[in-house]
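Data block below; observations after.
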Amino acid sequence: MMSALWFSRVGVLVLATSLDFLIGDPWGWPHPVQVMGKVIHWGMAGILRLNLSAWGERVSGALLGLVVVVG
């Protein structure tokens, strides 16, 4: 029983690694983390341009974080 479980885990790992190697992320497409970084950069530039108070910046930053996470 234990060896069958071990082989199934190894099989899933080998299959997943093989698929990632074969398909992977296309070279011309931006990585999702790059897109998130650009959204954060643009959002922070907009927030800082508004000259908000410290509390306003904190609330705006929290909303920006929510937008990035929720999408």
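If you read the sequence shown in our numbering, its first letter stands for residue 744, the second for the next number, and so on.
For every residue, glycine included, the Cβ atom is placed at its ideal position computed from N, Cα and C.
{"Asked": "If you draw a straight line from the C-alpha of Ser-761 to the C-alpha of Gly-754, how long is it?", "Found": "10 Å"}
{"Asked": "Over the uninterrupted alpha helix (DSSP H) stretch that includes His-784, give me the two end residues.", "Found": "775-792"}
{"Asked": "If you reduce the DSSP assignment to three classes, tell me which class Trp-798 lands in.", "Found": "helix"}
{"Asked": "Taking the CB atoms as reference points, tell me whether Val-811 and Val-782 lie closer together than 7 Å.", "Found": "yes"}
{"Asked": "Quick one: grab the DSSP three-state call for Asp-768.", "Found": "coil"}
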